[in-house]
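Peer 1: Take numbering that gives the first Met the number 0: the last position of the sequence shown gets the number 658, and nothing is skipped along the way.
Here a beta-carbon is modelled for each residue, glycine too, at the ideal position from N, C-alpha and C.
These figures come from a predicted structure and were not determined experimentally.
One structure is given below, represented as structure tokens, and several questions about it will come after.
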Amino acid sequence: MPQWLLLLPSLLLWSAGPPAPAGAQGLFSGDEAIPDPVAEFEARIEPARARPGEHVRVLVTARIAKGWYMYSVTPQADPLAPPPTKLEFQPGTLVPAGPVYETNPTRKVDSVFNLPLAFHPRGARFYQNLQVPADTAGGRVQVDGSIRFQTCNDRLCLPPRNEPLSAALTVEEGPLRPPYAYMQRTIDYVDRAGVVHEDPDTLAGALAGGLGAFLALAVGFGLLALLTPCVFPMIPVTVSFFAGAAREGHAAALRLALLFGAGIVVTYTGLGLVLTFLLGAAGVSQFATSPWINILVALFFTAFALSLMGLFETALPSPWVNWLEGKSRSLKGTAGVLVMGVAFTATSFTCTMPFVGTLLVAATQGELLWPLVGMLVFSIVFALPFVLLALFPGWVAHLRGRSGNWLVQVKVALGLLELMAALKFVSNADLIWQWGVFDRLVVLGSWAALSVVAALMLAGALPWPGVRVAGMRPARIAAVAAFALMGAYFTYGLSGRELNAYTESYLPPPLSGSAAAAAMTSRGFVDEAALKGLPWLTSLDEGLARARVSGKPVFIDFTGYTCVNCRWMEKKIFAEQNVYEAFRDQFELVQLYTDGGDDAERNQRLQIERFRTIALPYYVVLSPDNAVLATQSGIVPTPGEFLRWLQGARRQFAPASGA
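Listed below in structure tokens is the structure:
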């Protein structure tokens with residue numbers, strides 16, 4: 000074996016003399032200086048406080064000078080390959096568990112060795128799982144070790160060297176905690192600048208960059224939450240609710256708009272934390288996904304719709320009219336704004352859990368300040384666009400006199416949109432209670448009919464109390480065309496053809512075996528029958544038992560009947576041909592509903608206790624021995640990105656399994 004070849008670059012380097020200090024001229028004329036140091040390392044243990052029997056892990060963060068890199072921990076089979084990075088720990092109190100693993104390296108063919116090599120430019124993180132023996136006494140435990148590595152740039156390599164490592168943790172008495180009952184094999188993300196980004200789905204990850212980074216994360220998640228499907232139903236409600244306030248003047252509209260924004264912040268933050276402390280971390284999720292709450296929200300939307308369309312006087316008995324009119328007057332003030340805030344919270348919580356859910360779980364574990372600050376910042380950013388929407392009717396009021404009673408027609412059209420939203424929430428309750436009534440065909444057909452009614456009303460072809468059409472101006476023509484196109488589009492979907500992902504995420508699934516279910520397929524995607532034919536299990540224990548036999552990792556889908564983002568992932572990601580085949584051939588599949596069914600409470604408790612989040616959707620990949628390989632929360636925008644995440648989890652599993 001020509002092992003000496005490995006040292007040839009180093010021998011050439013050191014034959015030229017010792018390395019120049021930082022800022023000095025390089026080894027050869029015109030060469031750049033060698034940084035000092037080329038690589039720095041920092042070790043820590045997470046969690047910093049552990050209990051006997053729990054699993055912890057050492058995290059070694061490497062910061063590498065620009066233009067330099069170090070090799071992966073994975074050895075190459077070729078004898079000419081450079082030596083891999085090695086992480087070793089001295090025998091001590093803690094017991095090593097499993098192999099060393101690392102953040103994803105860069106892989107390419109090296110022009111010198113003519114071999115495919117894996118290396119880390121600019122930065123990396125290495126991990127070693129350890130277990131605290133059950134008989135460990137309480138107190139401080141020191142872990143010492145070293146990392147052996149070689150650094151290179153595109154022209155030369157430095158000799159391999161050892162750097163000492165040291166980290167400590169505190170062992171405390173207490174029962175074993177579920178999140179640390181098994182090994183962790185999740186990895187962090189390293190950006191192009193070599194900066195390691197911890198998982199924001201954990202509070203520790205969210206706080207890793209300090210207060211500024213944490214607040215920026217809260218702002219970012221608040222903006223992203225505005226793009227989720229759950230937010231849309233509140234847009235027509237907000238505009239219609241403040242249409243009445245607009246008639247009272249700009250000052251009144253501004254006051255109520257600001258009060259509305261404050262109401263969202265207070266109810267979102269206050270209700271979230273109060274429910275968390277009263278009912279546990281699952282309290283908010285249970286509140287937002289309860290079929291009764293969905294029915295109440297549907298009634299709330301329906302009441303607004305009927306009021307906007309002027310049907311109280313003609314469709315309801317006079318005692319009901321008096322009661323509703325009184326409530327309508329009261330809803331113009333503070334009480335109404337608070338009701339709107341609660342409704343807003345109920346409709347949007349299920350889509351904002353990737354960040355909020357983590358904070359609420361942290362609140363149940365003794366953290367209060369950070370969840371409170373995070374919820375406040377998140378909800379302020381989330382509320383701001385709706386404050387602007389609340390001001391919009393004030394602008395409309397100034398234009399009202401220019402076109403007769405067109406505002407009445409706008410209110411009727413918004414009322415019809417709210418009825419569409421109400422159907423969505425009724426279908427949520429249907430899914431949980433398994434009625435099988437409000438399926439895709441019923442909801443889509445109702446949407447199509449309501450769209451056609453709106454188009455005919457705006458065009459003057461359908462008489463409506465209080466609505467007079469004096470002429471077809473460009474704005475009216477555009478509105479009529481928009482509703483007509485919506486009606487045609489929804490009618491197109493009635494045949495079973497798949498609509499765009501955003502629309503489909505609102506729709507309940509078609510009844511199994513229906514013509515619509517059979518017809519829903521598109522190029523590059525499997526049909527509904529094939530997707531439902533995947534061997535999903537409903538028990539994690541059963542999934543792990545199968546995995547120990549098959550040797551495959553376990554994929555867990557924490558999902559919900561009312562989760563709009565979950566439906567989007569199923570229709571646009573899971574059904575993609577390559578993702579479907581990966582599920583079918585490479586994983587044992589487990590699907591756990593947390594908002595309905597006989598096992599909902601157990602599934603939610605598992606998600607909270609072990610993974611410390613109530614986010615939906617939430618995906619986990621486990622090894623057959625129950626070690627966490629990877630986690631992912633929320634929507635993944637493309638099938639390719641999701642597939643790369645799946646394959647990355649499998650690569651984490653491969654070293655441990657010897658594959």
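Tell me the residue span of the alpha helix (DSSP H) that contains Glu575.
Peer 2: That residue, Glu575, is in no alpha helix (DSSP H); it is neither H nor E in DSSP.
Peer 1: Give the DSSP bridge partners of Asp556, in chain order.
Peer 2: Per DSSP, Gln590, Tyr618.
Peer 1: Count the other CB atoms, across all protein chains shown, that sit within 10 Å of the CB of Thr266; report buried if there are 16 or more and exposed otherwise.
Peer 2: Thr266 is buried by the Cβ-count criterion.
Peer 1: Could you tell me whether the region 597-616 touches the region 626-633, using the rule of 3 or more Cβ pairs below 8 Å?
Peer 2: With the cut-off at 8 Å, the region 597-616 and the region 626-633 touch.
Peer 1: Counting pairs of beta carbons, one from the region 644-653 and one from the region 165-182, are three or more of them closer than 8 Å?
Peer 2: Flag = no, the region 644-653 and the region 165-182 do not touch.
Peer 1: Here's the rule I'm using: 16 or more other beta-carbon atoms within 10 Å means buried, otherwise exposed. How should Thr169 be labelled?
Peer 2: It counts as exposed.
Peer 1: Return the bridge partner residues of Glu101 from the DSSP annotation.
Peer 2: Paired residues: Phe125.
Peer 1: Tell me the DSSP secondary structure of Arg176 in three-state form.
Peer 2: Coil at Arg176, not helix or strand.
Peer 1: I'd like the list of long-range same chain contacts for Glu39, defined as Cβ closer than 7 Å, with 5 residues on each side in sequence excluded.
Peer 2: So the qualifying residues of the chain are Arg62.
Peer 1: CA-CA distance, Ala483 and Thr268?
Peer 2: Approximately 40 Å, taken between the alpha carbons.
Peer 1: Which term fits Glu53, buried or exposed, when burial requires 16 or more other beta carbons within 10 angstroms of its beta carbon?
Peer 2: Buried.
Peer 1: Does the distance from the C-beta atom of Ala453 to that of Ala412 stay below 8 Å?
Peer 2: Result yes, Cβ atoms of Ala453 and Ala412 sit closer than 8 Å.
Peer 1: Please state whether DSSP places Arg643 in a helix, a strand or coil.
Peer 2: If DSSP states are grouped into helix, strand and coil, Arg643 belongs with the helices.
Peer 1: Taking all protein chains shown into account, do 16 or more other C-beta atoms lie within 10 angstroms of the C-beta of Gly639, making it buried, or fewer, making it exposed?
Peer 2: The residue in question, Gly639, is exposed, as its Cβ has fewer than 16 Cβ neighbours within 10 Å.
Peer 1: Contact check, Glu101 vs Phe125 under 8 Å by CB: the rounded distance?
Peer 2: Right, the Cβ-Cβ distance comes to about 5 Å (below 8 Å), so this counts as a contact.
Peer 1: Do Asn128 and Arg147 come within 8 Å of each other at the CB atom, strictly closer than that value?
Peer 2: For Arg147 and Asn128, no; Cβs fall outside 8 Å.
Peer 1: Less than 8 Å between the C-beta atoms of Leu588 and Pro552, yes or no?
Peer 2: Result no, Cβ atoms of Leu588 and Pro552 do not sit closer than 8 Å.
Peer 1: How far does the beta strand (DSSP E) with Leu628 in it extend, from its first residue to its last?
Peer 2: Leu628 -> beta strand (DSSP E) spans 627-632.
Peer 1: Please classify Ile572: is it buried, with 16 or more other beta-carbons within 10 angstroms of its beta-carbon, or exposed?
Peer 2: Label assigned to Ile572: buried.
Peer 1: What did DSSP end up calling Cys151 once you bin it into helix, strand or coil?
Peer 2: DSSP places Cys151 in strand when its eight states are reduced to three.
Peer 1: Using CA coordinates, which residue listed in Ala123, Ala47, Ala96, Ala64 is at the minimum distance from Thr84?
Peer 2: Closest by alpha carbon: Ala123.
Peer 1: To the nearest angstrom, how far is the alpha carbon of Gly219 from that of Tyr617?
Peer 2: If I take the Cα positions, the gap works out to 19 Å.
Peer 1: The beta strand (DSSP E) with Ser289 in it runs from where to where?
Peer 2: Run containing Ser289: none; DSSP gives neither H nor E here.
Peer 1: Could you name the residues of the same chain whose beta carbon sits closer than 8 Å to that of Phe582, not counting the 5 residues immediately before and after it, in chain order?
Peer 2: Once the five neighbours on either side are set aside, the close Cβ partners of Phe582 are Leu533, Phe554, Phe573, Leu588.
Peer 1: Between the region 593-602 and the region 618-627, do three or more beta carbon pairs fall short of 8 Å?
Peer 2: With the cut-off at 8 Å, the region 593-602 and the region 618-627 do not touch.
Peer 1: Among residues of its own chain, excluding the 5 on either side of Gly400, which ones have a beta-carbon nearer than 6 Å to its beta-carbon?
Peer 2: At Gly400 the pLDDT is 45, less than 50, meaning the model places this residue with poor confidence and gives no usable figure here.
Peer 1: Taking a contact to mean a Cβ-Cβ separation below 8 Å, would you say Glu172 touches Gly144 in this structure?
Peer 2: Contact: no.
Peer 1: Just to confirm, are Leu93 and Gln149 a CB contact at a threshold of 8 Å?
Peer 2: No, the Cβ-Cβ distance between Leu93 and Gln149 is not below 8 Å.
Peer 1: Under the DSSP definition of a beta bridge, which residues are partnered with Asn161?
Peer 2: In DSSP, Asn161 forms a bridge with Arg147.
Peer 1: Spatial neighbours of Ser165 within its chain, please: CB distance less than 6 Å, with the 5 preceding and 5 following residues excluded, ordered by chain position.
Peer 2: Around Ser165: Asp143.
Peer 1: Out of Pro115, Lys65, Met69, Arg184, point me to the one whose CA is closest to Ala96's CA.
Peer 2: Ala96 has its Cα closest to that of Arg184, out of Pro115, Lys65, Met69, Arg184.
Peer 1: Phe377 and Ala217 look like a contact to me (Cβ under 8 Å); what is the Cβ gap, rounded to whole Å?
Peer 2: Contact flag correct, Cβ pair sits at about 5 Å.
Peer 1: Is the beta carbon of Ala718 less than 8 Å from the beta carbon of Ala447?
Peer 2: With the chain represented from 0 up to 658, any question about residue 718 goes unanswered, as that position is not in the structure.
Peer 1: Which stretch, first to last residue, makes up the beta strand (DSSP E) that contains Glu41?
Peer 2: Run containing Glu41: 38-45, per the beta strand (DSSP E) assignment.
Peer 1: Around the C-beta of Ile44, are 16 or more other C-beta atoms found within 10 angstroms, so that it is buried, or is it exposed?
Peer 2: Answer is buried; the Cβ neighbour count reaches 16.
Peer 1: Quick check on this structure: which residue in Gly262, Leu387, Trp291 has the alpha carbon closest to the alpha carbon of Leu375?
Peer 2: Of the candidates Gly262, Leu387, Trp291, the one whose C-alpha sits nearest the C-alpha of Leu375 is Gly262.
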